[in-house]
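Be aware that the sequence shown starts at 11, since it is given in our numbering, and climbs by one per residue.
Glycine included, each C-beta is placed from N, C-alpha and C at the ideal position.
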Amino acid sequence: MLSGQNYVCGRALATVVFLSLKLGRPLFLEGEAGVGKTEIAKAIALALGRRLIRLQCYEGLDAASAVCDWNFAAQMIAIRTAEAGGGADRDALRSELFTEDYLIERPLLAAMRPQPGGAPVLLIDELDRTDEPFEAFLLEALSDFQVTIPELGTIKAPEPPIVILTSNRTREVHDALKRRCLYHWVDYPGFDQEIEIVHARAPEATERLSREVVAFVQKLRTEDLFKKPGVAETIDWAKCLLALDVIALSPEVIADTLGAILKYQDDIQKIAGSPAKKILDQVRADLAAV
């Protein structure tokens, strides 16, 4: 199913995805940035024909921002209109203002609603960016698959959404939340698997270019860098090289395109020039020996 969406993964990850879908358990994916955690949610949604609802986490995210907001501008217009008409009943107006008509759905509430084609895929991305109070709220929401809106009451999902949580492990997520989920650490792929990924995502790349790109990136991951390149950067670099009609790596091409795989100036300065040429020579020697 995943390979049908050009998502290449190992047996262990495929198995935990299958179990998550079969048992209806949330799936918690942890790993370095750029290894394909977010992409797996997109692949599942496309393969199953479900709506993908994404909650992008950030520092300071609270329950209200994740569930819903009230359209205050529309409410104020309704109040002014009622006042201009005269004789507005305050209690009736209050009951009219806090209805679904003035509700702005956020991702968690949208995921609790029935969707065409079946329950949606709810992606809670980069959970480690939030704080513990939001984790506690999320624990309650995912336990019963329901959210409470004070003005409207409790809204429960008729069918639990397919929940995928991701973390780049910038901090530890609480054990209580992890226990609710099936867990998998998404690691950098091996050489052969990363070649498969490049073939799937950049099929125009020649075999030689694909092998050199993957081998070079994997060598970079062994260097002492502030941010090691992920699989996403491998794919981006291959596409950049294709756009330049490159058929094989050279020190000049690497120098011109290093910003596609390294995102910090200190890392670029450390690799640019003779270190990059040395890595390329080593890569070619290793590939020739295979």
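Proximal residues to residue i (C-beta, below 7 Å), its chain only, five neighbours per side dropped
i           : result
residue 84  : 112
residue 274 : 236 and 237
residue 26  : 37, 192 and 194
residue 11  : 57
residue 67  : 134, 135, 136, 137, 139 and 140
residue 16  : 210 and 211
residue 71  : 140 and 144
Integer Cβ distance of residue i from residue j, believed to fall under 8 Å
i           : j           : result
residue 157 : residue 118 : 6 Å
residue 173 : residue 46  : Not a contact, Cβ separation roughly 18 Å.
residue 270 : residue 243 : 7 Å
residue 115 : residue 78  : 6 Å
residue 144 : residue 253 : Not quite, the Cβ-Cβ distance comes to about 40 Å (not below 8 Å), so this is no contact.
residue 272 : residue 263 : Wrong, their Cβ atoms sit about 15 Å apart, outside the cutoff.
residue 297 : residue 281 : Contact flag wrong, Cβ pair sits at about 19 Å.
Residues bridged to residue i [DSSP beta-bridge criterion]
i           : result
residue 193 : 38
residue 115 : 78
residue 241 : BP columns for residue 241 are empty, so no partner.
residue 21  : Bridge partners of residue 21: none, in fact.
residue 157 : 165
Same chain only: Cβ atoms within 6 Å of residue i, ignoring 5 sequence neighbours per side
i           : result
residue 30  : 37 and 192
residue 103 : 92
residue 177 : 40, 137, 138 and 183
residue 171 : 121, 129, 130 and 132
residue 249 : 212
Bounding residues of the beta strand (DSSP E) (the contiguous stretch that carries residue i)
i           : result
residue 176 : 172-177
residue 257 : Element bounds for residue 257: n/a, residue is neither H nor E.
residue 72  : Looking at the DSSP string, residue 72 is not in any beta strand (DSSP E), and its letter there is neither H nor E.
residue 66  : 62-66
residue 135 : 131-135
residue 165 : 163-166
Backbone CA spacing between residue i and residue j [nearest angstrom]
i           : j           : result
residue 59  : residue 80  : 30 Å
residue 110 : residue 137 : 29 Å
residue 228 : residue 220 : 12 Å
residue 19  : residue 35  : 20 Å
residue 224 : residue 28  : 28 Å
residue 287 : residue 260 : 8 Å
residue 284 : residue 49  : 35 Å
residue 149 : residue 290 : 48 Å
residue 255 : residue 75  : 46 Å
residue 54  : residue 89  : 44 Å
residue 295 : residue 196 : 29 Å
residue 63  : residue 52  : 10 Å
residue 246 : residue 94  : 58 Å
residue 147 : residue 206 : 40 Å
residue 276 : residue 44  : 19 Å
residue 82  : residue 108 : 10 Å
residue 231 : residue 292 : 14 Å
residue 155 : residue 167 : 6 Å
N- and C-terminal bounds of the alpha helix (DSSP H) containing residue i
i           : result
residue 291 : 284-299
residue 224 : 217-230
residue 208 : 201-211
residue 54  : 47-58
residue 273 : Premise fails: residue 273 is in no alpha helix (DSSP H) and is neither H nor E.
Neighbourhood of residue i by C-beta distance below 8 Å, restricted to the same chain and skipping five residues each side
i           : result
residue 169 : 124, 128 and 129
residue 278 : 268, 269 and 272
heavy atom of the ligand NAP below 7 Å from residue i C-beta
i           : result
residue 177 : No copy of the ligand NAP appears in this structure; indeed no ligand is present at all.
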